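Asks:
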Amino acid sequence: MAQLLTLVVSHDEQFRKQAERLLRSCPVPIGVLDEGSQRGATSPDVVLVDIRNDPTAGMASIERVRGAAAQAAVFAVANATEPELILQAMRAGATEFFTWPPDPETFYGAIRRTSARREAAHGARPTATTLAFFGAKGGAGTTTIAVNCAVELARLTKRATVIVDLKRGLGEVALFLGIRPRFSLVDAIDNLHRLDRAFLRELVTKHKSSVDLIAGSELFDRPGAGDASAIEELFQVLTRHYEYIVIDAGSDINVCAQAGLYAAETMFLIANPDVASVRNAQRLIERVRQLGVAGERVRLLLNRAAEPYPIPPKQIEAAVGHPIYHTFPSDYGIVSTALNSGVPLALSGDSELAKQFDRFTRSIFEPAEAAAAAATTPGPGPRNRLGLGRIASFW
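With this note's numbering applied, the sequence shown covers 6 to 400.
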C-alpha cells in the first residue's frame, strides 16, 4: 500500500494542525504536503479545503485545486450540512463533503475509498511498501533487523528495494552492508529539485544483494528539525522508484524519525526481554499514538530472546499492551561476526537467526502463508525469572 499524499488548504493554522493529526491517524499511511514549499514535482491524492468561514472563497479554492490536480479527491469541510452548500461544493469539484470535526470512521472510509481508487488506477504496476524500524533503546538490534530484512526482501522478491538510514552522525547501515557510500541522506534532501531516476542512481550506493542504500549523514546537526518536510518528500519520491522502502529510524523519535514513521504502513518496534526495553516500548507506543499515527500499524519485535527468558513473552505483551509479532533468538557471536565482516546474516550461512530473518521477511510479502505456517508451529514455553510486578514498578 503506497502512501497517500494530502494537502490542507486553509488560512486557519489551528485547523491545519487538527486536520493533519486526523489524517495521520488514518489506517492508510498519509503524507502531508506543505502548500507553501511544494516543488511542483508532487501532486496530492487528497486535498482538504476549508470552506467553514468563507464559502465563496472556499468554492474558488476547490475550483483552483480541481484545475491543478485533476485526479485528486477533494474533501470540502464546512461547519454544517446545508443542502445548498453541498450542491455548490460538488459543482465546484468536491468529491466528498464533511462537517468539522468529521466522524473519524466516516472520514477513514473516504480515505480508504480514495486509496482503493488510486491502487486500481495503477493497474498492474506494483505499489510501494514502506517499513520503518525503530528501537526501544540503543543497541536493541534495530539496524541488524532492518538491514537483514532489506537484504531478504531484495533476495526473495527480486523487487527494487532501498534502505534509508535516518540516524545522523552515527548511522551504521553502510557498515553492516560492508560498503562505502559517496553520498548521504543530506545530499538527497538538499537536491530534491533534481531527484529524478538518473540522479537517484548516482545518489544511492548499491549492495551486491541488489539493495540500494541512502546512507546516514556523517553530520551530527543534520538532518535537523528544518529538514523534516524534505525527508517526508524524499520518501514520496522513493515510492515512485522502489517497491520496498526500509527505514532504519534508530531509537530517538525526533522530527526526522517522525517523517519516517508517518511514511510507513508498518512500524516495527524492536525490544529486548529486559525491564528497560519493556518500559521504553510501552512509552514509545504511547508516543506514536500521541503523534496521531494509528497504533494498529505498530508491530512489536522481540530481539535477543532465549530461554530461560528473563521476562516471559506473555508478561511483556501484558506490560506493553501489544502482541509480539515475531521473536528473534539471541546469538551474539554470529551477529558480531556479520557486523565485523560487513556480510549480512541473511547472506552468511544457514544459522537459526538467518532462518528467522527469512520467516520474518516472508511474513511481510506472503502474510497468508506465514500465518498458516505460524499456526502449525508451537511457540516457546516462557520461563519466569522476573515477574510482571518488577516491570510495573518502573512505570
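Ideal placement from N, C-alpha and C gives every residue a C-beta, glycine not left out. For clarity, every value in this text was computed on a predicted model and none was experimentally measured.
Ignoring anything shorter than 4 residues or poking outside the stretch 147-228, list the alpha helix (DSSP H) runs there in chain order.
Replies: Those alpha helix (DSSP H) runs which fall completely within the stretch 147-228 and span 4+ residues are 147-162, 178-182, 190-195 and 202-208.
Asks: Let me know the secondary structure DSSP gives residue 29 once reduced to three states.
Replies: For the purposes of this step, residue 29 is taken as the residue at position 24 of the sequence shown. Helix, per DSSP.
Asks: For the beta strand (DSSP E) that contains residue 51, what are its first and last residues?
Replies: Taking the first residue of the sequence shown as 1, we reach residue 51 at position 46. Taken as a continuous stretch (DSSP letters only), the beta strand (DSSP E) holding residue 51 covers 51-55.
Asks: Following the continuous beta strand (DSSP E) through residue 345, name the residue where it begins and the one where it ends.
Replies: Translated into positions along the sequence shown, residue 345 becomes position 340. Element bounds for residue 345: not the beta strand (DSSP E) but the alpha helix (DSSP H), 337-346.
Asks: Which residues does DSSP pair with residue 327 in a beta bridge?
Replies: Here residue 327 refers to the residue found at position 322 of the sequence shown. Paired residue(s): none; residue 327 is not in a bridge.
Asks: Near residue 142, which residues of its chain fall below 7 angstroms by C-beta distance, leaving aside the five closest residues on each side in sequence?
Replies: Translated into the one-based positions of the sequence shown, residue 142 becomes position 137. If we look at residue 142 and ignore the five residues flanking it on each side, its Cβ neighbours are 256, 281, 282 and 285.
Asks: Could you compute how far the alpha carbon of residue 328 sits from the alpha carbon of residue 36?
Replies: One-based indexing of the sequence shown puts residue 328 at position 323. One-based indexing of the sequence shown puts residue 36 at position 31. Approximately 27 angstroms between the Cα atoms of the pair.
Asks: Would you mind sorting residue 61 into buried or exposed? The rule is 16 or more other CB atoms within 10 Å of its CB.
Replies: Counted from its first residue, the sequence shown places residue 61 at position 56. Exposed is the call here.
Asks: What separation, rounded to the nearest whole angstrom, lies between the Cα atoms of residue 258 and residue 236?
Replies: Taking the sequence shown and counting its residues from 1, one reaches residue 258 at position 253. Taking the sequence shown and counting its residues from 1, one reaches residue 236 at position 231. Cα to Cα, residue 258 sits roughly 14 angstroms from residue 236.
Asks: In the DSSP assignment, find the beta strand (DSSP E) that holds residue 305 and state where it starts and stops.
Replies: Start at 1 with the first residue of the sequence shown, and residue 305 comes out as number 300. Residue 305 -> beta strand (DSSP E) spans 303-310.
Asks: Under a Cβ-count criterion, where at least 16 other Cβ atoms within 10 Å of its own Cβ denotes burial, should residue 267 be classed as buried or exposed?
Replies: Here the question's residue 267 lines up with position 262 in the sequence shown. It counts as buried.
Asks: If you draw a straight line from the C-alpha of residue 147 to the C-alpha of residue 135, how long is it?
Replies: Working through the sequence shown from its first residue, we reach residue 147 at position 142. Working through the sequence shown from its first residue, we reach residue 135 at position 130. Going by the C-alpha atoms only, they are around 16 angstroms apart.
Asks: Cutting at 6 angstroms between CB atoms, please list the residues of its own chain near residue 169, excluding the five before and the five after it.
Replies: Within the sequence shown, the letter at position 164 stands for residue 169. Taken in chain order, the residues that qualify are 219 and 252.
Asks: Whole angstroms is fine: what's the gap from residue 15's alpha carbon to residue 115's?
Replies: Here residue 15 is taken as the residue at index 10 of the sequence shown, counted from 1. Here residue 115 is taken as the residue at index 110 of the sequence shown, counted from 1. Taking the straight line from one Cα to the other gives about 20 angstroms.
Asks: Which word fits residue 354, buried or exposed, when buried means at least 16 other C-beta atoms lie within 10 angstroms of its C-beta?
Replies: As a working mapping, residue 354 is identified with position 349 in the sequence shown. The residue is exposed, with fewer than 16 neighbouring Cβ atoms inside 10 Å.
Asks: CB residue 167 to CB residue 228, shorter than 8 angstroms?
Replies: Position 162 of the sequence shown holds residue 167. Position 223 of the sequence shown holds residue 228. Taking 8 angstroms as the Cβ cut-off, residue 167 and residue 228 do not qualify as a contacting pair.
Asks: Touch check for the stretch 336-347 and the stretch 355-367: three-plus C-beta pairs under 8 angstroms?
Replies: With a cut-off of 8 angstroms, the stretch 355-367 and the stretch 336-347 count as touching, because enough Cβ pairs lie within range.
Asks: Can you tell me which of the three DSSP states residue 366 falls into?
Replies: Your numbering for residue 366 matches position 361 in the sequence shown. In the structure shown, residue 366 sits in a helix (DSSP, three-state: H, G or I).
Asks: Skipping 5 residues on each side, what residues in its chain have a beta carbon closer than 8 angstroms to that of residue 49?
Replies: As a working note, residue 49 is residue 44 in the sequence shown. Correct list, in chain order: 10, 11, 12, 38, 74 and 77.
Asks: Ends of the beta strand (DSSP E) at residue 291?
Replies: Counting from one through the sequence shown, the residue named residue 291 turns up at place 286. Residue 291 -> not in any beta strand (DSSP E); alpha helix (DSSP H) instead, spanning 280-295.
Asks: By how many angstroms is the C-alpha of residue 29 removed from the C-alpha of residue 149?
Replies: Locating residue 149 in the sequence shown gives position 144, counting from the first residue. Locating residue 29 in the sequence shown gives position 24, counting from the first residue. Approximately 28 angstroms, taken between the alpha carbons.
Asks: By Cβ distance below 6 angstroms, which residues in the same chain neighbour residue 370 in space, the five residues on each side in sequence not counted?
Replies: Within the sequence shown, numbered from 1, the residue matching residue 370 stands at position 365. Closer than 6 angstroms at the Cβ level, and outside the excluded window around residue 370, lie 162.
Asks: On the criterion of 16 or more Cβ atoms from any shown chain inside 10 Å, does residue 84 qualify as buried, or is it exposed?
Replies: As a working note, residue 84 is residue 79 in the sequence shown. Exposed, by the Cβ-count rule.
Asks: Along the alpha helix (DSSP H) that carries residue 61, what are the first and last residues, could you check?
Replies: Along the sequence shown, one-based indexing puts residue 61 at 56. Residue 61 -> alpha helix (DSSP H) spans 60-73.
Asks: So the beta strand (DSSP E) residue 101 belongs to, where does it begin and stop?
Replies: The count along the sequence shown starts at 1 and reaches residue 101 at position 96. Run containing residue 101: 101-104, per the beta strand (DSSP E) assignment.
Asks: So if DSSP puts residue 332 in a beta bridge, which residue, or which two residues, is it bridged to?
Replies: Locating residue 332 in the sequence shown gives position 327, counting from the first residue. The partner list for residue 332 (beta bridge, DSSP) reads 307.
Asks: Taking all protein chains shown into account, do 16 or more other C-beta atoms lie within 10 angstroms of the C-beta of residue 320, making it buried, or fewer, making it exposed?
Replies: Reading the sequence shown from its first residue, position 315 is the one you call residue 320. Classification for residue 320: buried.
Asks: Using the rule of at least 16 other Cβ atoms within 10 Å of the residue's Cβ for burial, across every protein chain shown, is residue 265 buried or exposed?
Replies: By 1-based counting over the sequence shown, the position of residue 265 is 260. When all chains shown are included, residue 265 counts as buried.
Asks: Do the CB positions of residue 133 and residue 247 come within less than 8 angstroms of each other?
Replies: As a first step, residue 133 must be located in the sequence shown, where it is residue number 128. As a first step, residue 247 must be located in the sequence shown, where it is residue number 242. Yes, the pair counts as a contact, with Cβ atoms nearer than the cut-off.
Asks: Compare the C-beta of residue 288 with all C-beta atoms of chain B and state if any pair is closer than 8 angstroms.
Replies: Chain labels in this structure do not include chain B; a single protein chain is all it has.
Asks: Indicate the three-state DSSP secondary structure (helix, strand or coil) for residue 11 in the structure shown.
Replies: Position 6 of the sequence shown, counting from 1, holds the residue named residue 11. Note: residue 11 maps to strand in three-state DSSP.
Asks: So, using beta-carbon positions, are residue 207 and residue 174 closer together than 8 angstroms?
Replies: Walking along the sequence shown from the start, residue 207 turns up at place 202. Walking along the sequence shown from the start, residue 174 turns up at place 169. No, they are not a contact pair.
Asks: If I follow the unbroken alpha helix (DSSP H) through residue 1, where does it start and stop?
Replies: The requested residue 1 is not part of the displayed model; the chain covers only 6 to 400.
Asks: Could you spell out where the alpha helix (DSSP H) holding residue 242 opens and where it closes?
Replies: Counting from 1 along the sequence shown, the entry for residue 242 is found at position 237. Residue 242 -> alpha helix (DSSP H) spans 233-243.
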